[in-house]
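Structure first, commentary second.
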Amino acid sequence: MTHTLKAAAILALAAITALASSAFARAPDPSARAAALVAKMTLEEKLSLVHGRFPLLMNPRPKDVQVSAGIVPGVPRLGIPELRESDASLGVANARRGKDDDATALPSGLALAASFDPAVAYAGGAMVGRQTRQKGFNALLAGGANLVREPRNGRNFEYLGEDVLLSGRIAGASIRGIQSNHIVSTTKHFVLNAQESARQSLNAVIDPAALRESDLLAFEIAIEEGHPGSVMCAYNRINGPYACENVPLFAALKTDWRFKGWIMSDWGAVHSVGAANAGLDQESGQELDKQVFFDKPLRAALASGEVSAARLDDMVARIVWGMAQAGVLDHPLSPGGLDTAADGSVAQAAAEAGIVLLKNQGDLLPLAKSARRIAVIGGHADVGVLSGGGSSQVVPKGSVSFPAPKRAPSWGSGQTYHPSPPLAAIRARGAEVSFDPGTDPVAAAAVARSADVAIVFATQWTTEGADVSLTLPDGQEAMIAAVLAANPRTIVVLETGGPVLMPWLKEAPAVVEAWYSGSRGGEAIARVLFGEVDAQGRLPVSFPAAEADLPRPTLDGADLPPEGLTGNKPADITVRYGEGADVGYRWHERSGKAPLFAFGHGLSYTRFRYGALSVAGGSRLTVGFTVTNTGKRSGIDTPQVYAAGKGRTLRLVGFQRVALKPGESRRMSVTADPRLLARFDEGAHAWRLDPGRYRVAVARSAGSAELSGAATLSARRIAP
Ligand code: BGC
722 MTHTLKAAAI LALAAITALA SSAFARAPDP SARAAALVAK MTLEEKLSLV
772 HGRFPLLMNP RPKDVQVSAG IVPGVPRLGI PELRESDASL GVANARRGKD
822 DDATALPSGL ALAASFDPAV AYAGGAMVGR QTRQKGFNAL LAGGANLVRE
872 PRNGRNFEYL GEDVLLSGRI AGASIRGIQS NHIVSTTKHF VLNAQESARQ
922 SLNAVIDPAA LRESDLLAFE IAIEEGHPGS VMCAYNRING PYACENVPLF
972 AALKTDWRFK GWIMSDWGAV HSVGAANAGL DQESGQELDK QVFFDKPLRA
1022 ALASGEVSAA RLDDMVARIV WGMAQAGVLD HPLSPGGLDT AADGSVAQAA
1072 AEAGIVLLKN QGDLLPLAKS ARRIAVIGGH ADVGVLSGGG SSQVVPKGSV
1122 SFPAPKRAPS WGSGQTYHPS PPLAAIRARG AEVSFDPGTD PVAAAAVARS
1172 ADVAIVFATQ WTTEGADVSL TLPDGQEAMI AAVLAANPRT IVVLETGGPV
1222 LMPWLKEAPA VVEAWYSGSR GGEAIARVLF GEVDAQGRLP VSFPAAEADL
1272 PRPTLDGADL PPEGLTGNKP ADITVRYGEG ADVGYRWHER SGKAPLFAFG
1322 HGLSYTRFRY GALSVAGGSR LTVGFTVTNT GKRSGIDTPQ VYAAGKGRTL
1372 RLVGFQRVAL KPGESRRMSV TADPRLLARF DEGAHAWRLD PGRYRVAVAR
1422 SAGSAELSGA ATLSARRIAP
């Protein structure tokens, strides 16, 4: 090497080293950074980080503190900013900030999950995270990953369905998208907050191994894939202790899964200072607890030695770690730049991906150009699309709210319709469109009779703080039946929080589940109805045929009064999750009760064929197959792979959304995460994959099989 070359190489090396060390100086390992910062903190500073305020009840509330979910003071001298927390997964919740506050609403969690596409969830999370920063917050109380065990749960619209793998992957992708904006995301509500009735006191009883194999595994996957800074513990009790002081649950999270971030409580979910020793790191919304346990009582517990100084340091280090790893410490907030018009396209794409075509007899959909006269009926389709209520409520500018029904929490903001009316979107496509509000079945039937095609919009409002029945409210069943009798060419579009019963189904040729479809929902619905995009969603929950078929035919605590601002009156009730890990479609297999529509079901406007199955066993199950679009138009399919060992119900081990042109084929391959096939052995505290034969189905939905096979897997022990 010549001298000049050598000198150049040395210079280059030095530059690379300098670059690396300056990068290191900017973003050192979050653990080392958290430890160094904690070492510099006074006791007062540490204590200030472990309990947060609920701005709505702050008196006085400083001018620069927005009404939002929470605020925790920072340590400015050490460069630790305040934590400014907002709800929630579906957008920046703004129901209490006045009509001029704008935000973009994603479709509901179930709609996002119905895309079966983590990329859709990531894009949604990235958009909401961006708006979170733009609106002056650096922490989002998002990442709802509770399994839908109870289809009547008022909060199902915030969750991602009944399946472990789907919920975990969609939650993980959404959290990654949120945190790509250098803000913290939580995942919540850890765990088994599966119903709203008596949520603040009920004891959820479940076999601990089954819990590992179901709800906990969904959170485990969400955390592995999303790396949230924080996990929010739930209100309810699990097998005795409250979720926010539940030693076995916290041990799973912190010891088994090596979660390095912090556990924050739900708002009003702390019951003792002892929660700190159990593993709770931060008390949130302190005004909602009986006392501010992590202020004076914690101080006293530290003085008496009941809580150690090391434990307090760990609590604080975890909070700082969560902020550091998300980038909160290095990317100070500079609010501004909100562009809801542009961001609406992200919400619309997500809504289109999640709308599920449940039934399409005689190819009534997509709407033919020959349909000149269309009757649109019901569902306030002239006003907008329905959204779910509670802390996650997003109110885009121009939304309209109607009073809540009687069984709703006192603190809600009514039934809110997002300003994207399906009626206008349908009209814009050129047909002659008449509208009837659907409040009188006779009038609705008359309007339907005079049209080529009728589209009935049926709504079910659900909210945090109350549960529902599966029957469409306000006489809508009778109205739908009357319209179907008047015009057999009727399409029923559902805007529901989750599954509903359909006693009129036989008469209905076409049914669409549009969920709560968000800021641009009306446009998305019209695009699917007119076939401008394929019908592409797949159900993330089973739709049962009757409430009697559920593991708990009657919902425990359904007769209790709905919640007030400071929670519901403690009710000493127990909810037994006897189905264990056999949630949703697995329950249908176990009980032999066929659902009305199965998990994973959803039609396309084209046809797909599956073939050339290959199954390999050994230490891991790998399944290959080919999917071909055999129809005449481009379309999107989501083939699903289910598998199970002997004596166990099938479960989803892989899925892949794929867009194919007519005649196009794609080879797909799925390798199953062995935890999805294993048993959790409580005694050995490990997963055990039993050796033997595992059945495999490549299917369009749970409980059906287009291709069947089997493989032999070898025994395996997997660390918890
Ligand atoms: C909800 C949480 C929410 C919190 C703050 C609670 O009532 O359960 O999901 O993040 O309030 O608004």
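For the record, in the sequence shown the residue sitting at position 71 is 792 according to our numbering, with numbers rising by one throughout. No residue lacks a Cβ here, since even glycine has one placed at the ideal position from N, Cα and C. Note that the coordinates shown come from a computational prediction; the quantities given were computed from them, not determined experimentally.
Contact between the stretch 1383-1391 and the stretch 1317-1324 is absent: fewer than 3 CB-CB pairs across the two stretches fall below 8 Å. The beta carbon of Pro1117 sits closer than 7 Å to the beta carbons of Asp823, Ala824, Thr825, Ala826, Thr1061, His1139, Pro1140 and Ser1240 from its chain, once the five residues preceding and following it are set aside; these are given in chain order.
Under the DSSP assignment, Gln900 falls in the alpha helix (DSSP H) whose first and last residues are Val885 to Gln900. Counted as a single uninterrupted DSSP element, the alpha helix (DSSP H) harbouring Arg1032 occupies residues Ala1030 to Ala1047. The continuous beta strand (DSSP E) containing Phe1123 extends over residues Val1121 to Phe1123. Secondary-structure assignment with DSSP links Lys1080 through a beta bridge to Val1232. Only residues of its own chain outside the window of five on either side were considered, and among them Phe1346 and Thr1347 have a CB closer than 7 Å to the CB of Ala1333, listed in chain order.
When DSSP states are grouped into helix, strand and coil, Thr1343 belongs to the strand group. Counting the other Cβ atoms within 10 Å of the Cβ of Asp750 gives fewer than 16, which makes it exposed.
For the stretch 770-836, the continuous alpha helix (DSSP H) assignments of 4+ residues that do not extend past its boundaries occur at 830-835, in sequence order. Distance from the C-beta of Ala790 to the nearest heavy atom of ligand 1 is below 8 Å. Annotation for Glu1216: no alpha helix (DSSP H) segment contains it, though the beta strand (DSSP E) segment containing it runs Thr1211 to Thr1217.
For Leu862, the distance from the CB to the nearest heavy atom of ligand 1 is below 8 Å.
The shortest CA-to-CA distance from Ala1418 to any of Lys1227, Pro962, Gly1026 and Leu1373 is the one to Leu1373.
The shortest CA-to-CA distance from Gly1356 to any of Ala1256, Ile944, Arg1400 and Ala1302 is the one to Ala1256.
In the three-state reduction of the DSSP assignment, His1322 falls in the coil class. Annotation: Pro1053 to Ser901 spans about 14 Å, alpha carbon to alpha carbon.
Counting the other CB atoms within 10 Å of its CB gives Gly1100 a total of 16 or more, which places it among the buried residues. Comparing C-alpha distances from Gly1135 to each of Thr1183, Asp1157 and Lys1090 shows the shortest one belongs to Thr1183. Bounds of the beta strand (DSSP E) holding Ile1357 are Gly1356 to Asp1358. Here DSSP, grouped into helix, strand and coil, assigns Val1391 to strand. For Glu1385, the CB stays at least 8 Å from every heavy atom of ligand 1. If you look at Leu1317, you'll find it isn't in any beta strand (DSSP E); DSSP assigns it neither H nor E. Closest in alpha carbon position to Lys1090, among Asn957, Gly1352 and Glu1153, is Glu1153.
Note on geometry: alpha-carbon atoms of Gly830 and Thr1160 lie some 29 Å from one another.
Residue range Gln1136 to His1139 is occupied by the beta strand (DSSP E) that includes Gln1136, with no alpha helix (DSSP H) assigned at that position. With 16 or more other Cβ atoms from the protein chains shown falling within 10 Å of its own Cβ, Ile1246 counts as buried. Beta-bridge annotation (DSSP): Trp1408 is paired with Phe1401 and Ile1439. By the CB criterion at 9 Å, Lys767 and Asp1034 fall inside the cutoff.
Non-local C-beta neighbours of Ala1431 in its own chain, meaning closer than 8 Å and more than five positions away in sequence, comprise Val1336, Arg1414, Tyr1415, Arg1416 and Val1417, ordered along the chain. For Arg854, the uninterrupted alpha helix (DSSP H) segment begins and ends at Pro839 to Gln855. For the stretch 901-977, the continuous alpha helix (DSSP H) assignments of 4+ residues that do not extend past its boundaries occur at 929-934, 936-947 and 968-972, in sequence order. Nearest Cα to Arg818 within the set Pro1412, Ser1422 and Gln1114: Gln1114. Linking Lys1227 to Val952 through their CA atoms gives a straight-line distance of about 44 Å. Taking all protein chains shown into account, Val1049 has 16 or more neighbouring C-beta atoms within 10 Å of its C-beta and is therefore buried. Proximity to Asp1064 across Gly845, Asp1002, Leu758 and Leu1398 peaks at Gly845, based on C-alpha coordinates.
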